[in-house]
Structure formats: C-alpha cells, structure tokens
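Novice:
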Amino acid sequence: MHILFSINHPSQYHMFKHLARKIIDSGGSVFFFIQDRGIIEKLVKSDGLKYKFSTSPWLRTYFKGKYGIMLRCFLSIVQQEINIFIYNIFHKVDFMLGCDVSIAHTGFILRRKAYVFTDDDYVFTKQYCHLAYPFAKHIVA
Numbered sequence: 362m363h364i365l366f367s368i369n370h371p372s373q374y375h376m377f378k379h380l381a382r383k384i385i386d387s388g389g390s391v392f393f394f395i396q397d398r399g400i401i402e403k404l405v406k407s408d409g410l411k412y413k414f415s416t417s418p419w420l421r422t423y424f425k426g427k428y429g430i431m432l433r434c435f436l437s438i439v440q441q442e443i444n445i446f447i448y449n450i451f452h453k454v455d456f457m458l459g460c461d462v463s464i465a466h467t468g469f470i471l472r473r474k475a476y477v478f479t480d481d482d483y484v485f486t487k488q489y490c491h492l493a494y495p496f497a498k499h500i501v502a
C-alpha cells in the first residue's frame, strides 16, 4: 500500500505522522508533499520519512503585495497539482490524504481516492471549501 500525504502546516504533520508510521510498520510506504516552511521539513526529516516540496521556495520571495499574493496563490496551486499529478503517474499511489486542494483535483482527474481534511469552520475556509469539496472523494472535518 502506497499513501501520499500533502500537508501545508506543522499541525497537519503532527496529525498524520502516527498514521504514516503505522503504515510503514505494516509493510506499506508513504510519501509526503510539504510546503517550504523550515519546521515542517525538520519534522519530516527527524522521523526519517520521504518527502518533496510541493511548490518552489522562490514563489515567496518574488511575489509580494496584494496582487503578488493572489498570483502566488494561483501559481502555487498549479505547481502543486502538477507535482502531485506527476508523482501519481510514476508511482502507484493507492490513495491520498491531506489538507490540500491539489489532492482533491488530482484524485478526481486520476480517479484515485482523496481524503481531504479540513477545519469545521466554513467561514474561515470558504475558498478552500469551494475549490476542494466538489472534487474530493471523502471530506473529513
């Protein structure tokens, strides 16, 4: 069994790390797509798990200001989807877990199960909900 995790925040890693360890202990394999935030990389490295950055770190340095942030958000989603799509093509991923829009879209396109995790506060996650929910196979709040 090969599971792909896509995380954007250290708290999300802490939510999934025990499940990842259980999958590995039972003979499966896991792979993490992470955001380029130093603490997430340190956490994944300290547990000895395989990972890759889902977006390029230069996006944060070049796109600033109101319109730069909106452009960065759009480019980040596109880049995440391309990276996760390519990984799914070259590796037999059984299903994807995470708090990321790109796994919902990739799962929908490739007809693979995607379990999308989210906060239960719709007011604060409205844009995420509109982008991910219609394409997710399963939603966990």
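Numbering (my numbering), first residue to last: 362 to 502. In this text, a Cβ means the ideal position worked out from N, Cα and C, and glycines have one as well. All values derive from a computational prediction rather than experimental measurement.
1. Mind checking whether Asn-449 and Leu-471 have CB atoms under 8 Å apart?
2. Can you tell me whether Gly-409 is helix, strand or coil according to DSSP?
3. For Gln-488, count neighbouring Cβ atoms within 10 angstroms of its own Cβ and tell me buried if that reaches 16, exposed if not.
4. Would you call the CB atoms of Ala-493 and Ala-465 closer than 8 Å?
5. Can you tell me whether Met-362 is buried or exposed? The criterion is at least 16 other CB atoms within 10 Å of its CB, across all chains shown.
6. Could you round the C-beta distance between Leu-456 and Lys-474 to whole angstroms and report it? I think they count as a contact, below 8 Å.
7. How many Å lie between Gly-429 and Ser-367 at the Cα?
8. Thinking Ile-445 and Thr-467 are a contact (beta carbons under 8 Å), I'd like their distance in whole angstroms, please.
Specialist: Taking the definition as stated:
1. Against the sequence shown, residue 449 aligns to sequence position 88. Against the sequence shown, residue 471 aligns to sequence position 110. Yes. Within cutoff.
2. Numbered from 1 along the sequence shown, position 48 holds the residue referred to as residue 409. Reduced to three states, the DSSP call for Gly-409 is coil.
3. Taking the sequence shown and counting its residues from 1, the one referred to as residue 488 is at position 127. With fewer than 16 Cβ atoms within 10 Å of its Cβ, Gln-488 is classed as exposed.
4. Here residue 493 is taken as the residue at index 132 of the sequence shown, counted from 1. Here residue 465 is taken as the residue at index 104 of the sequence shown, counted from 1. The answer is yes: Cβ separation under 8 Å.
5. By one-based count along the sequence shown, residue 362 stands at place 1. Result: exposed.
6. The residue you call residue 456 lines up with position 95 of the sequence shown. The residue you call residue 474 lines up with position 113 of the sequence shown. The amino acid at residue 456 is misidentified as Leu; the sequence shows Phe. With 8 Å as the limit, Phe-456 and Lys-474 qualify as a contact, their Cβ atoms being about 4 Å apart.
7. Here residue 429 corresponds to residue number 68 of the sequence shown, with the count starting at 1. Here residue 367 corresponds to residue number 6 of the sequence shown, with the count starting at 1. So the alpha carbons of these two residues sit roughly 24 Å apart.
8. On the sequence shown, residue 445 is found 84 positions in, with the first residue counted as 1. On the sequence shown, residue 467 is found 106 positions in, with the first residue counted as 1. Contact flag correct, Cβ pair sits at about 5 Å.
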